[in-house]
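Residue numbers (the numbering used here), protein chains in the order written: chain L, 3 to 283; chain U, 3 to 283.
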């Protein structure tokens, strides 16, 4: 009944699990210089963006991921003015960053311009802040931008990457985290998508280790549901140059507008660590 | 690639989504007086129990569901001695209930004895406390047992039901909640599985309404990931005859042993309400 014509299916081979969404039609397909891009209209999840066969986002449930990639990090910094997004070509993180009035300059650096152009066409709600004068879109290698940045250039770095394979594997490495550490100001905060707590426990532990080794004073994962990602459960790992991972501007967080998942209670709750993640690692 | 021979697939028709697990072999299939029961050995999730085509549990991820159905409720009662489980024939809730030393009498009332017999055979770890002298297994109609119970018979009632269709629909109704209210002591706590926050928001809201109408002083959902249930995100709704939904014996919760998901931090975190559930409902 799950036929390839009427359903898009992503198989997680190692865990023998698959997630499928029923399709109405294919809206677009192309191969850019970097990856295969497909866009579908689904029956129950709005539009669907697929990169190299992996579900990147749907209209219906991307709000959880994007809000959790942005607001905990920005409310963990005392006054975030300069924000760098590595990856994030769909512009969903950028939109959330620009909800913060303190932000003066937000750079999005995705190597593949086609992701952004397709997002403008098929996910216009994610791109509604792209013409904000504070927004700066660059289509180039994010690693190089971080390596070449002057020390202390950014208050927050958001690593909205694909899975740690191919080009994106560099974004999970200790040398890259050291470059981020240098590019951040004294109170700088880094946040990176860090895969599934159920499937990628070792990767999550190694990221915390790499972040600590890079000099960050604290690093801890934030957990949240994400229906259309493998296992339906996802994480972002937050690291700070100074201070405790769980400290944040709670009173300010309570005033945020426009979010559909994030609030101050969710911020605190996302740091709660299930017993199996405490014990092992 | 998701063929019916090598994969078990559950389709969520209304939302146009499906979840599949890769199979090694079918271990058992039968039709009882109440339902179709199937057991499979999967590649990545251990054994899989399917009732009427719906995934009930896998060896790998049932711990989250069972711990969240039991420990928040038992730590919300000052001293739970008498516990009633409606449904729960796989015995996973029963095992968690019996981790609590205060419990003197735990009744499990599932209408279908075959669920328990298959669980003993294919999920023996869930049944490891079935011979505890405090455990009492009954195979009969749970609604009738509650209706016929003397007032104040139980400290905690756990409703570990299937989806609200067919026979199980009664377990989500206001009359049944009134019967539970009567059967509970003055400080009684009820908890019921309440489906997916992403897919069943209206059902969750109506359950809170029905529980309040039945006389409970407070009712609130607990949210948790559940990889193999529709949307990968699930809920249990907790109601109390007296006191606030979020109060619990936190110091006692910190001493619990043997859990893999639940701890006191997770208890607090599970009550955090995403913005979209606050606004609507």
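Backbone N, C-alpha and C define an ideal beta-carbon position, used for all residues, glycine too.
Residue i classed as buried or exposed, judged by whether at least 16 other C-beta atoms fall within 10 angstroms
i: residue 73/L; result: buried
i: residue 63/L; result: buried
i: residue 138/U; result: exposed
i: residue 211/L; result: exposed
i: residue 195/L; result: buried
i: residue 110/U; result: buried
i: residue 280/U; result: exposed
i: residue 103/L; result: exposed
i: residue 145/U; result: buried
i: residue 256/L; result: exposed
i: residue 5/U; result: exposed
i: residue 69/L; result: buried
i: residue 117/U; result: buried
i: residue 105/U; result: buried
i: residue 283/U; result: Note that residue 283/U has pLDDT 40, beneath the 50 cutoff, so the model's placement of it is unreliable and no number is given.
i: residue 234/L; result: buried
i: residue 142/L; result: exposed
i: residue 215/U; result: exposed
i: residue 168/U; result: exposed
i: residue 304/L; result: Lying before the first or after the last residue shown, residue 304/L is absent from chain L, which here runs from 3 to 283.
Which of helix, strand or coil DSSP assigns to residue i
i: residue 262/L; result: coil
i: residue 282/U; result: With a pLDDT of only 49 at residue 282/U, under the threshold of 50, the placement of this residue in the model should not be trusted, and no figure is reported.
i: residue 227/U; result: strand
i: residue 250/L; result: coil
i: residue 183/L; result: helix
i: residue 138/U; result: strand
i: residue 73/U; result: helix
i: residue 43/L; result: strand
i: residue 270/L; result: helix
i: residue 23/L; result: strand
i: residue 7/U; result: coil
i: residue 34/L; result: coil
i: residue 99/L; result: helix
i: residue 29/L; result: strand
i: residue 308/U; result: Chain U is shown from 3 up to 283; residue 308/U falls before or after that span and cannot be answered.
i: residue 218/U; result: coil
i: residue 203/U; result: helix
i: residue 255/L; result: helix
i: residue 177/L; result: helix
i: residue 300/L; result: With chain L running from 3 to 283 in the structure shown, residue 300/L is simply not present.
i: residue 91/L; result: coil
Beta-ladder partner(s) of residue i, from DSSP
i: residue 159/L; result: 86/L and 192/L
i: residue 57/L; result: 52/L
i: residue 145/L; result: Bridge partners of residue 145/L: none, in fact.
i: residue 239/L; result: 194/L and 223/L
i: residue 13/U; result: 20/U
Residue from the options whose Cα sits closest to the Cα of residue i
i: residue 159/L; options: 52/L, 191/L and 17/L; result: 191/L
i: residue 55/L; options: 42/L, 67/L and 61/L; result: 42/L
i: residue 253/L; options: 78/L, 39/L and 8/L; result: 78/L
i: residue 31/L; options: 269/L, 52/L and 183/L; result: 52/L
i: residue 100/U; options: 18/U, 130/U and 22/U; result: 130/U
i: residue 126/U; options: 267/U, 61/U, 247/U and 20/U; result: 61/U
i: residue 112/L; options: 147/L, 83/L, 124/L and 224/L; result: 147/L
i: residue 260/U; options: 24/U, 97/U and 87/U; result: 97/U
i: residue 7/U; options: 13/U, 26/U, 277/U and 184/U; result: 26/U
i: residue 188/L; options: 29/L, 66/L, 255/L and 242/L; result: 242/L
i: residue 49/L; options: 206/L, 35/L and 10/L; result: 10/L
i: residue 184/U; options: 58/U, 105/U, 19/U and 150/U; result: 150/U
i: residue 85/L; options: 161/L, 119/L and 67/L; result: 161/L
i: residue 91/U; options: 132/U, 228/U and 178/U; result: 132/U
i: residue 263/U; options: 23/U, 107/U, 226/U and 95/U; result: 226/U
i: residue 88/U; options: 207/U, 174/U and 29/U; result: 174/U
i: residue 2/L; options: 275/L, 116/L, 249/L and 271/L; result: There is simply no residue 2/L to check, as chain L begins at 3 and stops at 283 in what is shown.
i: residue 193/U; options: 224/U, 33/U, 115/U and 154/U; result: 224/U
i: residue 238/L; options: 71/L, 16/L and 40/L; result: 71/L
i: residue 272/U; options: 38/U, 115/U and 240/U; result: 240/U
i: residue 154/L; options: 258/L, 83/L and 203/L; result: 83/L
i: residue 18/L; options: 21/U, 228/U and 17/U; result: 21/U
i: residue 57/L; options: 163/L, 209/L and 123/L; result: 163/L
i: residue 222/L; options: 206/L, 178/L, 95/L and 202/L; result: 206/L
i: residue 231/L; options: 93/L, 36/L, 165/L and 134/L; result: 165/L
i: residue 45/U; options: 220/U, 59/U, 24/U and 39/U; result: 24/U
i: residue 244/U; options: 266/U, 219/U and 108/U; result: 219/U
i: residue 12/U; options: 67/U, 209/U, 229/U and 217/U; result: 229/U
i: residue 200/U; options: 14/L, 39/L, 15/L and 47/L; result: 47/L
Notebook entry, point to check: Which whole runs of the beta strand (DSSP E) in the segment 102-136 of chain U are 3 residues long or more, in chain order?
Noted result: Runs of the beta strand (DSSP E) inside the segment 102-136 of chain U: 107-111.
Checklist line | Residues within the segment 190-208 of chain L neighbouring chain A, beta-carbon criterion of under 7 Å | finding: In the structure shown, chain A does not exist; the protein chains are L and U.
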